[in-house]
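I have placed the structure first, in the form of structure tokens, so that the comments after it can refer back to it.
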Amino acid sequence: MTSTSFSGNARTTLAVIALIVCSAVIAAPVSAAIYTQISGSPATTSKYLGGSPSLSASVTGANEFTPGQDATITVLVKNSGVNAMKQLNQTAIEYSDLPTTAKFVTLTLTSDNNAVIIKSDPQILNSIPASGTGSTVQFKAKISSNATAGEYQLPLVINYQYPRVIQQQKDSEFEDTYTTTEVTLPVTIRIKPEVKIAVVESTSDPISAGTEGFLNLKIRNDGPENGSKASVKLIRSGSSAIIPTDSSAFIGDFPSGGIVGCRFKIVASKDATAQTYPVDVFVTYTNSEGDVVTTKSETIGIPVDSKTSFAVTSPVPAVAAGTQGIIEVQYRNTGNTTVYETQSRLTPHGDVTIDNNVAYLGELQPGQSGTALYDITIGKSTEPSTYTFDSKLRYRDALGNSQESDTIVVSIQVLPARADTVAGIPTTVVIAGIILVVIAAGIGLYAYRRKTSLQ
């Protein structure tokens, strides 16, 4: 009976203990953890009765940027939280996390204006302990090209959790609960003043494929910075057909709002077609801090005509075989640029010869024509037909550079040889000439003899 009574009391005691444990588990919050000292005597441990994280943020590394720049903003977050009170107790359970530790940290950098555009997503950190060196995160940003100089405060939103201090109810159990907090801290960056260029005027000489000309620019400083020892640079834009021969022009002081003029020599490649091609312009200068700075480039367009062309507009000349004659060939400038000191050259072939195959045409404006005279001889055995001959024009462009046209075809019609000719002259004409010569000789002889007889 005693054994049975003892067993019943034991079962009752175990049931009560199980009920207490279950009640404690149910009563605990979801975010809490219960720590139980399983066996042995508790060691001397420390317990903090107050304190929380104290976060600060600052930019580390580069914090100055220029308009139009792709920036990387590196933010250092430090925790200077201090534990308010520490308890030493043989029955206390040591915290797994100190109340000053920021846990499960999410950092979001934002911008209140269009001058700075944040491109990075929120950054996540595991924890930031107090009294440490802190943690760094990087955010990608774009500085607007229209941003003005000055300081900009970017809100850094920090979400985190930290252990909440609660009273330990039993020497073998401790409930670890976290508090969620959000704090917004200012992160300060500076946008430096700079020279910002604007091309207000661009004029160039008429140029065509393979020719050179001058480009005149007027550039204004639209930025707040005053530049000194400034130079305007002109460079080829990618594979553009416009290639600068002069690439730099020194302009000296370039004050804010000031306008400067400069001149560059440019050349159009031989394979250029009739269209507008880009070139890039930028300025290098010394800023107020003594640093050499390069502005953002501006792209301008240069109109280019196709290669200067010519056409034969005169009728096809006709020359009889076995004769010699002068033909006229009229060349028209069908391009859009004026050519100077123009000369034409006709290349003979076969049984056709030219005593002087070069003719001077002079200056030809667009649409203007010039006439070349060629003295040609057609062999008597040349078959009647229309023959083509190659000709080219050599000229100088506006800068005096020698240029050559593409091949221009000149047609000449060869007529049948004339009958009864001597050296291409009709025999009747030859005979009449001989008769006249004989008559003239007879008259002369008669006059001479009569004069002699009278003496």
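Read in order, the letters of the sequence shown correspond to residues 128 to 582 in the working numbering.
In this text, a Cβ means the ideal position worked out from N, Cα and C, and glycines have one as well.
Keeping to the same chain, check which residues put their C-beta closer than 7 Å to that of valine 310; ignore five residues upstream and five downstream.
-> Same-chain partners within the cutoff: Leu182 and Ile285.
Own chain, CB closer than 6 Å to lysine 397, minus 5 neighbours either side, in chain order | Only residues of its own chain outside the window of five on either side were considered, and among them Ala336 and Gly337 have a CB closer than 6 Å to the CB of lysine 397, listed in chain order.
Start and end residues, beta strand (DSSP E) containing serine 512 = Counting along the chain, the unbroken beta strand (DSSP E) around serine 512 starts and ends at 512 to 523.
Is the region 378 to 389 touching the region 346 to 354 in the sense that three or more CB pairs, one from each, lie closer than 8 Å?
-> Yes, the region 346 to 354 is in contact with the region 378 to 389.
Under a Cβ-count criterion, where at least 16 other Cβ atoms within 10 Å of its own Cβ denotes burial, should aspartate 432 be classed as buried or exposed?
-> Burial of aspartate 432 is indicated by the presence of at least 16 other C-beta atoms within 10 angstroms of its C-beta.
At which residues does the beta strand (DSSP E) containing glutamate 321 begin and terminate?
-> Per DSSP, glutamate 321 lies in no beta strand (DSSP E) segment and is marked neither H nor E.
Do you know how far the Cα of alanine 448 is from the Cα of isoleucine 503?
-> Going by the C-alpha atoms only, they are around 11 Å apart.
Can you pull the DSSP bridge partners for asparagine 489?
-> Reading off the sequence shown, one finds glycine at residue 489, where the question assumed asparagine. Bridge partners of glycine 489: Thr469.
Could you check where the beta strand (DSSP E) with alanine 184 kicks off and where it finishes?
-> Secondary structure note for alanine 184: its beta strand (DSSP E) is the uninterrupted segment 182 to 186.
So, is leucine 500 buried or exposed, given that buried needs 16 or more other C-beta atoms within 10 angstroms?
-> With fewer than 16 other beta carbons inside 10 angstroms of its own, leucine 500 counts as exposed.
The region 363 to 371 contacting the region 435 to 450, beta-carbon criterion three pairs below 8 Å | No, the region 363 to 371 is not in contact with the region 435 to 450.
Just the C-alpha distance for isoleucine 427 and valine 326, rounded to the nearest angstrom, thanks.
-> Whole-angstrom Cα-Cα distance: 8 Å.
Alpha carbon to alpha carbon, how far is threonine 193 from isoleucine 318?
-> Taking the straight line joining both Cα atoms gives about 5 Å.
Nearest residue (CA-CA) to threonine 421, options Val204, Ile481, Ser358 and Thr465 | The option with the nearest alpha carbon to threonine 421 is Ser358.
Considering threonine 426, what are the terminal residues of the beta strand (DSSP E) in which it resides?
-> Residues 425 to 431.
How would you label lysine 323, buried or exposed, when you count the other beta carbons within 10 angstroms and need 16 or more for buried?
-> By the 10 Å Cβ count, lysine 323 comes out buried.
Between the C-alpha atoms of phenylalanine 266 and threonine 187, what's the straight-line distance to the nearest angstrom?
-> Annotation: phenylalanine 266 to threonine 187 spans about 12 Å, alpha carbon to alpha carbon.
Give every residue of the same chain whose Cβ lies closer than 6 Å to the Cβ of proline 249, excluding the five residues on either side of it in the sequence, and list them in chain order.
-> Cβ within range, chain order: Thr233 and Thr235.
Can you give the beta carbon distance from glutamate 352 to proline 320, rounded, assuming they're within the 8 Å contact cut?
-> With 8 Å as the limit, glutamate 352 and proline 320 qualify as a contact, their Cβ atoms being about 4 Å apart.
Using a threshold of 8 Å, state whether the C-beta atoms of serine 374 and tyrosine 412 are closer than that.
-> By the CB criterion at 8 Å, serine 374 and tyrosine 412 fall outside the cutoff.
Which residues share a DSSP beta bridge with threonine 372?
-> None, per the DSSP bridge assignment.
Which word fits leucine 572, buried or exposed, when buried means at least 16 other C-beta atoms lie within 10 angstroms of its C-beta?
-> Burial call: exposed.
What is the rounded straight-line gap between the Cα of alanine 274 and the Cα of alanine 198?
-> Per the coordinates, the alpha-carbon of alanine 274 lies some 13 Å from the alpha-carbon of alanine 198.
If you run the structure through DSSP and keep just helix, strand and coil, what is alanine 438?
-> Of the three classes helix, strand and coil, the one that applies to alanine 438 here is strand, per DSSP.
Assigned exposure category for glutamine 492 - 16 Cβ within 10 Å defines buried | With fewer than 16 other Cβ atoms within 10 Å, it is exposed.
For valine 284, which residues does DSSP report across the bridge?
-> The partner list for valine 284 (beta bridge, DSSP) reads Thr235 and Thr311.
Pull up the distance between the alpha-carbon of serine 258 and that of leucine 361, whole angstroms please.
-> Serine 258 and leucine 361 have their alpha carbons spaced roughly 55 Å apart.
Quick one: what does DSSP say threonine 201 is sitting in, helix, strand or coil?
-> DSSP, read as helix, strand or coil, puts threonine 201 in strand.
DSSP-derived helix/strand/coil call for threonine 579 | Collapsing the DSSP output to three states places threonine 579 in a helix.
Locate the beta strand (DSSP E) running through alanine 443, then write down its first and last residues.
-> It is worth fixing the name first, because residue 443 is valine in this sequence and not alanine. First-last for valine 443: undefined, no H or E at that position.
Buried or exposed for aspartate 418, please, with buried defined as at least 16 other CB atoms from any protein chain shown within 10 angstroms of its CB.
-> Label assigned to aspartate 418: exposed.
Got a sec? Which residues, its chain only, sit under 8 Å from serine 247 by beta carbon, not counting five neighbours each side?
-> Apart from sequence neighbours up to five positions away, the residues of its chain that approach serine 247 with a beta-carbon distance below 8 Å are Leu236, Gln265, Phe266, Lys267 and Ala268, ordered along the chain.
For isoleucine 393, which of helix, strand or coil comes out of DSSP?
-> Here isoleucine 393 sits in strand by DSSP.
What's the gap between the Cα of threonine 260 and the Cα of tyrosine 289?
-> A direct Cα-to-Cα measurement between threonine 260 and tyrosine 289 gives close to 18 Å.
Close beta carbons around threonine 403, own chain, < 6 Å, minus the five adjacent residues each side | Cβ within range, chain order: Gly428 and Pro430.
Quick one, which of Gly195, Pro475, Thr330 and Ile369 has its alpha-carbon nearest threonine 400's?
-> Out of Gly195, Pro475, Thr330 and Ile369, the CA that lies nearest to the CA of threonine 400 is found in Ile369.
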